[in-house]
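Residue numbers (my numbering), protein chains in the order written: chain Y, 1 to 263; chain A, 264 to 526; chain F, 527 to 830; chain W, 831 to 1134.
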Amino acid sequence: MTVISDSSLTFSRSELMAVELSKRLRNDDVTVMGTASAIPQIACRLAQLTHAPDLFSIAGGTCSVNPHLAPVVPSCGDYDLLRADTSLSLNDVVLLEGRADVLTVFFAGGLQIDQYGNCNLVAVGDYSHPALRGPGTVGLPFLSRVGRVLIYTQSHNARTFVEHVDFLSGPGFLQGPSSWQAASLPGGGPQLVVTPLCTMGFDPETLRMRLETVHPGVEVDQVRAATGFELIIPSSIPVTPEPTAEQLSVLRKLDTNGLLKGK
Amino acid sequence: MTVISDSSLTFSRSELMAVELSKRLRNDDVTVMGTASAIPQIACRLAQLTHAPDLFSIAGGTCSVNPHLAPVVPSCGDYDLLRADTSLSLNDVVLLEGRADVLTVFFAGGLQIDQYGNCNLVAVGDYSHPALRGPGTVGLPFLSRVGRVLIYTQSHNARTFVEHVDFLSGPGFLQGPSSWQAASLPGGGPQLVVTPLCTMGFDPETLRMRLETVHPGVEVDQVRAATGFELIIPSSIPVTPEPTAEQLSVLRKLDTNGLLKGK
Amino acid sequence: MSKVLSLPEAVDRFVPDGVGLVSVGGMHLHNNPMALVREVIRQNRRIKRLLTSPCGALNAELLIAAGLIDEIATSYVGFEHIGLAPSFRRGIEAGSLKILECDEAYITHGLYAGAGGLPFVALPKGIEFTDIPKVNKENYSFTTDPFTGDEVPVGAPLKPDVALLHAYQADAQGNAVVAGAHFVDRYMALASKTVLLQVEQIVSTKEISKHPQGTTIPGFLVHAVIEAPGGCYPTASHGAYEFDHQAIVEYLGMAKDDDGAKGYISKFVTDLSEQEYLEKAAERLEELRYGSGPLAVALSDRKG
Amino acid sequence: MSKVLSLPEAVDRFVPDGVGLVSVGGMHLHNNPMALVREVIRQNRRIKRLLTSPCGALNAELLIAAGLIDEIATSYVGFEHIGLAPSFRRGIEAGSLKILECDEAYITHGLYAGAGGLPFVALPKGIEFTDIPKVNKENYSFTTDPFTGDEVPVGAPLKPDVALLHAYQADAQGNAVVAGAHFVDRYMALASKTVLLQVEQIVSTKEISKHPQGTTIPGFLVHAVIEAPGGCYPTASHGAYEFDHQAIVEYLGMAKDDDGAKGYISKFVTDLSEQEYLEKAAERLEELRYGSGPLAVALSDRKG
């Protein structure tokens, strides 16, 4: 249990991650999330209840839109998620995932994430004889089409953040600027990476990952050491703002199951 | 009002047509019908209530399966048709229409029908400057895929039954045996044509239309004169059996709106 | 953020004169978004191309009668058991209306492709034995099936600029309940850039979310919600009222030539506001309203 | 004609040993047709290829643990927030399980193509920038978009020989109600040659037709109806009961190696009849049953 408590507020790293994701959401966004999505689910509900009341959010398993659920549940396929504004079918959502003009935000992750934000949920090592077989890519190829990709992971270490993914299952900025431009994909690519240590963005020139903020109590060197590629580190790195009392209060009313608590 | 009444039974030509179609339906059939389908709708219900209780029948507009409706309604898109065993979506039915292994019977018709059972619902005359613009083909291209095509029309004259359709919008046996074999279509092609004058089948060798029965009170020469191509006429032509008292009784309980009455 | 607009505002804002591809919902005499159609006529907005569901009816016919359509993509326009569509028929016979000849499967799969960003859709075997792909090379073509090496027919994706649709209920955000058959309306909503939705009734989000499984059009697809009770008349509104057979017969009687059709348009559309039109129809609408029979009970959870 | 069969009869008749492509319904820990899966294991029927929904879980994992699967076509097998699927993972790492790597969009559109007799399906731009088409040339390929001249990615149609599915209710003819999320189960039913349907409850046709808009699987697609109350356990059955987190954790605890997984199979599947298994689970099932909260009320028309 890693609780950050260097202020009057006390919050978990997962709660901070949800708040950071939430802050990146806009009032006109339509977001989709997939498997095991407690953090983005809470981020979306938090945004709806604070600065983005008109945001639409799709739970990728049941495909319900704007589930009303509190407490938030860990499985994206839960029957209770059908208590919602609208029900789509999985087929509908897959259709919409073909369209960058409709869905604006997808929450992604990976067993491996590389410096260009490419994700791998398939296999670590040689594909034919993998050292670690992942669960599979589900909808990650859709990353290439959606408006903005927000990446989150609860593992910030050099096994997850690698120079090159062993298997590209969710396209980020591909092999960098020239390949990204040549592909002329409809999506805007990855915009943010949130981990238990920090938030990272992408340098507009090189499209490589760049440190943006370190979470309270985390050192820049700690992030550098936990990252398996050369992270761009600007000279001045602010500390990630702590969640406000209001954000924490709203979040905890949603998370009475304590999915994010103490993690 | 053309009522056939040369026996103790009195029935309309449309009622006889519905009964004749009904007799061609089997207990394991899955039938589909489209626009303005009172006759096939009643044929299917009649079959279900007599010799084919397990037959499934899809109303092509609402896409409900086995509508319970009595009285039968003239529009295939009617809200009341949703009172049924199952509801499919139009998209589901269009998908199934891609599959000859699932849907076994389609009821077809045309502004023009040629000797090979090809149908035309699009245009009579030159396509660019048609003498008569038809409503359009809707699902008729599906004729090439469905198990058995049953054609019905309330117009038996030389404008409807033509040597060649001016526009092929619903494939029958195409240009005859060699083109039909070369096409190797999944469907079984047209099997029956029912009109107010007679029933016709197709000669297995030439795939051309062949007179099967003439309705009570109709002369063979009358059929010949009303047909715009050389109809195959076997030496002996039976008279179409009159509907039984049971058939008429069931039919009229379904058709209390009198859609088939007196036509 | 409320998307509720008045009928004139919605059309004025989202249906520019000379708009590209407009899809109009409903099928046969059911769920035609006639309030929107009438308002497009009142505002005299020309439409380059009109796309119908597999079976268009009064929705397409009136726009053609008003002289607003350059070209129509359809697989059927007519009045089912009641008769042919006179203005559609005359327009094509006279050459004043162009047509992109389609079939039902292509319209349905083409909207699926448009909805999903699929570059095109491969079609089931059969259409190549008809004359349809020969006369519509813009929507139909052929390519190689790389799995078998066969040449197969394919259809272009359908991506309307604007969809004119009807639903039973919606909330102010555009989350909507389709009460009866969905026809291809939901796919039109998914495939179109801009969606105008007329509804019998606007209800609260709380009310609409009581039946999440019946609420199948999400608000984020919808740009304008127009409360138009009776707005499908004289066609049927599933869950609300039947179509008016005698009103269709009256139209067909008047529209026997172009002047007659224009006379109908003046008398029933342009000379009246939508409210005045519906006031005249009010008595018939009451007669056509669904009662409380078995279906009304079975589907009562769809009602307001 | 009744299609009702006992669980052993249905599997014996319709799942021959060495069957080609079997699709198994449900997604994540929801609506997995576990009674059918357990019976396939009891009868030791080898499956050449197993196709999951975009997210397989215990449905695929147990068949793999039992050593019955040669090759799996999937875009995910796992236990979501609870953990990875140990037998799936070990099988692929060891090379004993072959995989046709898929993504969610292909599985969904591929079933659509299979359902509709489409020769193949063109896929939205993007998949070609992943490594997936490189390692699965059987399901993914490229062809020319004749409308633009571009080379585009395409997927082969998915046409399972047999589908193993769960629904909430069915009548004896196989007309079935899916109570909650449909996932891709309906498309599996549409695309598969033979459909085996396990349900919580068999009801009369009269009962099922009270809710025609909720009855979305038509009987003509279904070959066997098996009454299996509790038959999704330990996964959830939408409308009936939640998944059993602790039972999944127990499986993951036992399945840390092949012997442990086999031990689980013996203890919970092959050493017991389905009835004996469910008798042991009865108490847990009662605890997991949905109460009468707002959703239960909202969806009450889906219940028996």
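Ideal Cβ positions, reconstructed from N, Cα and C, are used throughout, including at glycine. Just so we're clear, the structure is a prediction, and the values are computed from it rather than from any experiment.
Asked, Found
"Just to confirm, is the Cβ distance from LEU21(Y) to LEU150(Y) under 7 Å?", "yes"
"Whose C-beta lies closer than 7 Å to the C-beta of GLY34(Y) among residues of the same chain, with five residues either side of it excluded?", "GLY60, CYS76, VAL138, GLY139"
"In the structure shown, what three-state DSSP assignment does GLN48(Y) receive?", "helix"
"Can you grab the Cα-Cα spacing for the pair GLY886(W) / ASP92(Y), in whole Å?", "19 Å"
"Relative to the C-alpha of ALA394(A), which candidate in GLY410(A), PHE405(A), GLN375(A) has its C-alpha closest?", "GLN375(A)"
"Among ASP842(W), GLN1028(W), ALA1021(W), which residue has its Cα nearest to the Cα of GLY361(A)?", "ALA1021(W)"
"Per DSSP, what kind of secondary structure is GLY921(W) in: helix, strand or coil?", "helix"
"Nearest by alpha-carbon distance to HIS635(F): which of LEU95(Y), ASP221(Y), THR104(Y) is it?", "LEU95(Y)"
"Considering only residues of the same chain and omitting the five flanking positions on each side of VAL282(A), which have a CB-CB separation below 6 Å?", "PRO506, GLN510"
"Under 7 Å, Cβ to Cβ, is there at least one residue of chain W near PHE319(A)?", "yes"
"Taking its Cβ as the centre, do 16 or more other Cβ atoms sit within 10 Å of ALA265(Y), making it buried, or is it exposed?", "This structure does not reach residue 265(Y), given that chain Y is present from 1 up to 263, and the question cannot be answered."
"Grouping DSSP H, G and I as helix and E and B as strand, with all else coil, what is HIS771(F)?", "helix"
"Mapping DSSP to helix, strand and coil, what is PHE746(F)?", "helix"
"Is it the case that the Cβ atoms of ALA363(A) and VAL409(A) are separated by a distance below 7 Å?", "yes"
"Determine contact between the stretch 1024-1034 of chain W and the stretch 990-1003 of chain W, defined as no fewer than three beta-carbon pairs at a distance below 8 Å.", "yes"
"Starting from the C-beta of ARG815(F), find all residues in its chain whose C-beta is less than 6 Å away, skip the five residues before and the five after it, and write them out in chain order.", "TYR767"
"Given that a residue counts as buried once 16 or more other Cβ atoms are within 10 Å of its Cβ, and exposed if not, what is GLN1043(W)?", "buried"
"Would you say the stretch 473-482 of chain A touches the stretch 425-441 of chain A, given that touching needs at least three Cβ pairs under 8 Å?", "no"
"Applying a beta-carbon distance threshold of less than 8 Å, which residues of chain F neighbour ASN354(A)?", "THR634, TYR638, VAL710, TYR713"
"Within 7 Å (strictly less), CB to CB, does GLY947(W) reach chain F?", "yes"
"What does a CB cutoff of less than 6 Å around ALA306(A) pick up in its chain, not counting 5 residues either side in sequence?", "ALA281, LEU284, SER285"
"Got a sec: is the Cβ-Cβ distance from ASP29(Y) to anything in chain F below 7 Å?", "no"
"What did DSSP end up calling TYR666(F) once you bin it into helix, strand or coil?", "strand"
"For SER926(W), which three-state DSSP category applies?", "coil"
"Who are the near neighbours of LEU168(Y) in its chain, counting only those whose CB is closer than 7 Å to its CB and skipping five residues on each side?", "ASN118, ASN120"
"If you reduce the DSSP assignment to three classes, tell me which class VAL1033(W) lands in.", "coil"
"Mind the definition here: the stretch 1004-1013 of chain W touches the stretch 972-981 of chain W only if three or more C-beta pairs lie below 8 Å; say whether that holds.", "no"
"Against PHE430(A), what residues of chain F qualify as contacts under a CB-to-CB distance less than 7 Å, listed in chain order?", "ASP657"
"Using beta-carbon positions only, say whether VAL548(F) and LEU576(F) come within less than 7 Å of one another.", "yes"
"Please report whether the beta-carbon of THR670(F) lies at a distance below 7 Å from any beta-carbon of chain W.", "yes"
"Using C-beta distances below 6 Å, list every residue in its chain close to GLU958(W), excluding the 5 sequence neighbours before and after it, in chain order.", "PRO983"
"Do THR1100(W) and ARG872(W) have their CB atoms nearer than 7 Å?", "yes"
"Please list, in chain order, the residues of the stretch 534-568 of chain F that have any C-beta partner in chain A closer than 7 Å.", "MET553, HIS554, LEU555, HIS556"
"Restricting to Cα atoms, I'd like to know which of SER275(A), GLU278(A), ILE496(A), ALA310(A) is closest to ARG289(A).", "ALA310(A)"
"Nearest by alpha-carbon distance to LYS833(W): which of TYR936(W), LYS1040(W), GLU1057(W) is it?", "GLU1057(W)"
"If we ignore side chains and look at the alpha-carbon of each, how far apart do LEU531(F) and ILE937(W) end up?", "40 Å"
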